[in-house]
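A.B. asks: So that we are looking at the same thing, I have put the structure below in structure tokens.
Chains as they are written, first to last, in our numbering: chain L, 1 to 112; chain Y, 113 to 227.
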């Protein structure tokens with residue numbers, strides 16, 4: 001299995017909702033990442049988990065809450081989002097970044 | 113500050129034309145370099161990567177890139193583009209730090225190939 005699987009593929013949520021994005025990989029990769037990609041922009045790093053511990057939080061607002069339950073799973077909990085948070089949220093994993101990162105297809109999030 | 117620059121934001125070519133997309137990075141430590149492609153409505157795909165060794169790297173779909181350390185550059189090339197190469201191309205740098213690594217993307221180049 002050489003894939004990163006993200007669910008759901010599309011999500012529409014209201015500003016008062018709580019939802020979660022899920023990411024799963026079974027490649028044995030020890031680092032997992034959340035990126036945010038706005039239209040016509042490059043992906044921007046949000047969080048890095050290394051060996052199931054949060055290594056980087058790129059000054060992301062607290063309405064985004066990551067969780068790494070085990071080495072194969074990564075969640076992103078969403079609460080009280082704003083319309084400007086609408087974007088494609090990408091999950092990635094790597095064994096060591098030097099050899100490359102595997103990206104999922106993303107969750108397209110719309111906040112209404 | 114650490115950054116990745118792609119100077120060509122939009123490129124329009126006719127089929128069979130040659131392609132070269134520029135990428136420069138500013139980082140003094142160990143770097144690993146990548147080019148990713150994102151076709152319309154699709155996810156990021158790895159085109160090629162430089163880890164070490166031969167600075168001329170060959171990737172998928174006929175793409176290649178040359179790492180020139182003295183110029184901090186990693187330009188992407190293809191001798192003859194096809195309509196199906198229409199996509200967004202991102203240069204990316206893997207940065208090393210204590211305990212973790214992270215991938216930083218350039219601003220992207222939107223390529224349009226006309227038939």
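Cβ coordinates follow ideal geometry from the N, Cα and C atoms, glycine included.
All of these numbers come straight from a predicted model, not from anything done at the bench.
Whose C-alpha, out of 84(L), 89(L), 82(L) and 5(L), is nearest the C-alpha of residue 66(L)?
C.D. replies: When only C-alpha atoms are compared, the closest one is 89(L).
A.B. asks: Using beta carbons (cut-off 9 Å, strictly below), is residue 165(Y) in contact with chain A?
C.D. replies: Of the protein chains in the structure, L and Y, none is chain A.
A.B. asks: In chain order, what residues of the same chain lie with their CB nearer than 6 Å to the CB of residue 199(L), ignoring the 5 residues before and after it?
C.D. replies: Because chain L spans 1 through 112 in this model, residue 199(L) falls outside it and cannot be assessed.
A.B. asks: Give the straight-line distance between the Cα atoms of residue 77(L) and residue 138(Y), rounded to the nearest whole angstrom.
C.D. replies: Looking at the two C-alpha atoms, the distance is approximately 34 Å.
A.B. asks: Cα separation between residue 75(L) and residue 194(Y)?
C.D. replies: Approximately 38 Å between the Cα atoms of the pair.
A.B. asks: For residue 14(L) and residue 42(L), what's the separation of their Cα atoms in angstroms?
C.D. replies: Between residue 14(L) and residue 42(L), the C-alpha separation is close to 25 Å.
A.B. asks: Helix, strand or coil for residue 182(Y) per DSSP?
C.D. replies: Note: residue 182(Y) maps to helix in three-state DSSP.
A.B. asks: Across the region 160-179 of chain Y and the region 216-223 of chain Y, are there enough close Cβ pairs to call them in contact, namely three or more that are closer than 8 Å?
C.D. replies: With a cut-off of 8 Å, the region 216-223 of chain Y and the region 160-179 of chain Y do not count as touching, because too few Cβ pairs lie within range.
A.B. asks: Relative to the C-alpha of residue 134(Y), which residue among 190(Y), 127(Y), 155(Y) and 128(Y) is closest?
C.D. replies: Of 190(Y), 127(Y), 155(Y) and 128(Y), the residue nearest in Cα terms is 190(Y).
A.B. asks: Could you check whether the region 54-70 of chain L touches the region 90-109 of chain L, counting it as contact only if at least three pairs of C-beta atoms, one from each stretch, sit closer than 8 Å?
C.D. replies: Result no; under three Cβ-Cβ pairs closer than 8 Å.
A.B. asks: Determine the closest residue to residue 8(L) out of 85(L), 92(L) and 21(L), with distance taken between C-alpha atoms.
C.D. replies: Of the candidates 85(L), 92(L) and 21(L), the one whose C-alpha sits nearest the C-alpha of residue 8(L) is 21(L).
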